[in-house]
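Undergrad:
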Amino acid sequence: MHFFHHQLDRFCQQAGYPDPARLRDELDRLFPETRDSDLNRDPAVQAYVADQVIPHKLAVYAAGMSLAERLTVPDDWAWQLARHDLSKLSVLELTGYVAYNFKDRASNPPAVKQAFAVAFLHHKHHNAHHSGHWLSLSSSGSVQALPMPRRYLVEMLADWMGASLSYSGNSDIQPWLDRSLPGLVLHPDSRRDLAQILREAGYDPRGLG
């Protein structure tokens, strides 16, 4: 069993998700190149996955399960949460994320910035809980926001909650919501749905207008 499989087993054990084999198989199905990649043995990659990716997945899983106590969620909600950010274990995203200095973004060389931009685009394309996944760019350069299914709006909220806790240690996301929601590009129906989800979860959606 390679390093990434071990880390997914660790996630399942700590999260209480009962089917680690299914999650390992999903990684191999989506990103088969990861299995035999030299990144399995790269100390920087191992530290990034063990210290950032898995703790974030655990925080999002916990946040999502807590939301399930207040919101209506799909029957396969636990599986959706278990799959959260699985693309961060793809070779392309690992390569782009590990080299990038998030604390001093301006210090990153142009090649590192470019690699991260490509990795983040890949991440949005493979993760429907990102609002950017639902933006359609026309040949003229105009952007159209498509309706975002409710299940992914709820996962997006769980992601915000988990990111705040795992990256900053702060569980109160209301100040972040007030700053960030005004700039969020969403289809009008999704904006309305998100406002309702936020209210049901105990947050003020005032930033949505």
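Numbers 851 to 1059, taken from the working numbering, label the letters of the sequence shown in order. All C-beta atoms in this analysis are idealised placements derived from N, C-alpha and C, irrespective of residue type, glycine included.
If you draw a straight line from the alpha carbon of residue 1053 to that of residue 985, how long is it in whole angstroms?
TA: Here residue 1053 refers to the residue found at position 203 when the sequence shown is read from its first residue. Here residue 985 refers to the residue found at position 135 when the sequence shown is read from its first residue. About 25 Å.
Undergrad: Using the Cα positions of residue 870 and residue 978, report the straight-line distance between them to the nearest angstrom.
TA: Along the sequence shown, read from residue 1 onward, the residue named residue 870 stands at position 20. Along the sequence shown, read from residue 1 onward, the residue named residue 978 stands at position 128. The straight-line gap from Cα to Cα measures roughly 22 Å.
Undergrad: Closest by CA to residue 1001, which one among 924, 901, 881?
TA: Position 151 of the sequence shown, counting from 1, holds the residue named residue 1001. Of the listed residues, the one whose Cα sits closest to residue 1001 is 924.
Undergrad: Taking one C-beta from the stretch 1032-1041 and one from the stretch 985-997 each time, how about it: are there three or more such pairs within less than 8 Å?
TA: Taking 8 Å as the limit for Cβ pairs, the verdict is that the stretch 985-997 does touch the stretch 1032-1041.
Undergrad: Just checking, does the stretch 937-947 make contact with the stretch 963-974 on the three C-beta pairs under 8 Å criterion?
TA: Touching, yes.
Undergrad: Per the contact definition of three or more C-beta pairs closer than 8 Å, is the stretch 954-969 in contact with the stretch 893-912?
TA: Contact between the stretch 893-912 and the stretch 954-969 is absent, because fewer than three Cβ pairs lie under 8 Å.
Undergrad: Counting only the same chain and skipping the five closest in sequence on each side, list residues whose C-beta sits under 8 Å from that of residue 993.
TA: Position 143 of the sequence shown, counted from the first residue, corresponds to residue 993. Only 985, 986, 987, 1035 meet the Cβ criterion.
Undergrad: Are the CB atoms of residue 908 and residue 1021 nearer to each other than 9 Å?
TA: Stepping through the sequence shown from its first residue, residue 908 is reached at position 58. Stepping through the sequence shown from its first residue, residue 1021 is reached at position 171. Result no, Cβ atoms of residue 908 and residue 1021 do not sit closer than 9 Å.
Undergrad: Name the residue from 900, 1010, 1057 whose alpha carbon lies nearest to the alpha carbon of residue 1042.
TA: By 1-based counting over the sequence shown, the position of residue 1042 is 192. Residue 1057 is the option with its Cα nearest to residue 1042.
Undergrad: Between the stretch 909-920 and the stretch 1003-1013, do at least 3 Cβ pairs fall closer than 8 Å?
TA: A contact exists between the stretch 909-920 and the stretch 1003-1013.
Undergrad: Please report the distance separating the alpha-carbon of residue 1014 from that of residue 883.
TA: In the sequence shown, residue 1014 corresponds to position 164, counting from 1. In the sequence shown, residue 883 corresponds to position 33, counting from 1. In a straight line, the C-alpha of residue 1014 is about 31 Å away from that of residue 883.
Undergrad: Measure the C-alpha to C-alpha separation of residue 1012 and residue 862 and round it to an integer number of angstroms.
TA: By 1-based counting over the sequence shown, the position of residue 1012 is 162. By 1-based counting over the sequence shown, the position of residue 862 is 12. The straight-line gap from Cα to Cα measures roughly 16 Å.
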